[in-house]
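Sequential numbering of the sequence shown, starting at 5, is according to our numbering.
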Amino acid sequence: MHPDDPKDPGHLGTPTPLMLASQYGHADIVQLLLEGGADKDFRNENDYTPLMLAAEEGHVHVTRLLLESGASKDARELDGWTPLMLAAGEGSAQVAQLLLEAGARTELRRRDGSTALMSAALNSQAAVVRLLLQAGAHMDARDNGGNTALMEAMHAAPAAIDGHVEVVRVLLDAGAAKDVRNELGKTALMMATDPEIRRLLGAGF
């Protein structure tokens, strides 16, 4: 088989032309490769599929093409990351919307028990948090350490604190439980350091 053949499955997980085109957002090339029969679910050395790469990079058109071609919307890599989790963590609301419309499952978990909603909350992605809640994501699901999405929203980098405040507002408006404790006995309020977040959680200031 010629190395440039679109059907070339690669060697020992090396990237195929479709994987590279998907990762870098070259929708026209992706379309040509898919029409030529490229393996849409081939995995690279990191166990990622073309759809995972496109979702992580926020490539909307490529994501749409791959989904329309029948690429596995809930493919999981070794730690359990799915395309939806990757889009959620990176804050690509348009990609997340496409995946949800295609039926991507919100309840899937990584090895550590975390969900797409937790990924969005941890990374200050309020728009994606809203989308996931509207799609029926369980707002009070817990990871292996007993943490909820609201607790994950406490871990804000200083530069992202405004986004975390908005995530906390969205979760609380949706009815997220404030008083549950994780495996270390901590509540979201106990983890909070930002005054506005502490006020929202009911600290009284």
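Every residue gets a Cβ at the ideal spot worked out from N, C-alpha and C, and that includes glycine.
Go ahead and label residue 146 buried or exposed: buried means 16 or more other beta carbons lie within 10 angstroms of its beta carbon, across all protein chains shown.
buried
Among the candidates 42, 40, 59, 45, whose CA atom is the shortest distance from the CA of residue 29?
59
Cβ-based burial, residue 199 [other Cβ within 10 Å; buried from 16]:
exposed
When the Cβ atoms of the segment 48–59 are set against those of the segment 17–27, are three or more pairs found closer than 8 Å?
yes
Whether residue 88 touches residue 75 by CB criterion (9 Å)
no
Within 10 Å of its beta-carbon, does residue 152 have 16 or more other beta-carbons around it, so buried, or fewer, so exposed?
buried
How should residue 181 be labelled, buried or exposed, when 16 other C-beta atoms within 10 angstroms of its C-beta is the threshold for buried?
exposed
Would you kindly work out how many angstroms separate the C-alpha atoms of residue 38 and residue 196, rounded to a whole number?
47 Å
Beta-carbon proximity check, residue 176 vs residue 137, cutoff 9 Å:
no
Do you know offhand how far residue 10's Cα is from residue 53's?
Interpretation of residue 10 is limited by its pLDDT of 46, a score under 50 that renders its predicted location unreliable; the figure taken from the coordinates is listed afterwards. Their Cα atoms are separated by approximately 15 Å.
Given 8 Å as the limit, tell me if residue 125 has its C-beta closer than that to any heavy atom belonging to the ligand SAH.
No copy of the ligand SAH appears in this structure; indeed no ligand is present at all.
Comparing alpha-carbon positions, which option in 64, 102, 68, 190 lies nearest residue 149?
190
Assuming residue 115 and residue 93 form a contact by the criterion Cβ under 8 Å, report the distance between their Cβ atoms to the nearest whole angstrom.
Contact doesn't hold; Cβ gap of about 15 Å is too wide.
With a threshold of 8 Å on Cβ separation, who are the neighbours of residue 131 within its own chain once the five nearest residues in sequence on each side are excluded?
95, 97
Environment of residue 8 [buried if 16+ CB atoms lie within 10 Å]:
With a pLDDT of 43 at residue 8, under the threshold of 50, the predicted position of this residue should be treated as unreliable, though the coordinate-derived value follows. Per the 10 Å Cβ criterion, exposed.
How long is the line joining the alpha carbons of residue 192 and residue 169, rounded to whole angstroms?
13 Å
Once DSSP output is grouped into helix, strand and coil, what is the label at residue 22?
helix
Here's the rule: buried if 16 or more other CB atoms are within 10 angstroms of the residue's CB, otherwise exposed. What is residue 43?
buried
So, helix, strand or coil for residue 16, using DSSP?
Any reading at residue 16 is ruled out, since the residue's pLDDT is 48, under 50, leaving its predicted position unreliable.
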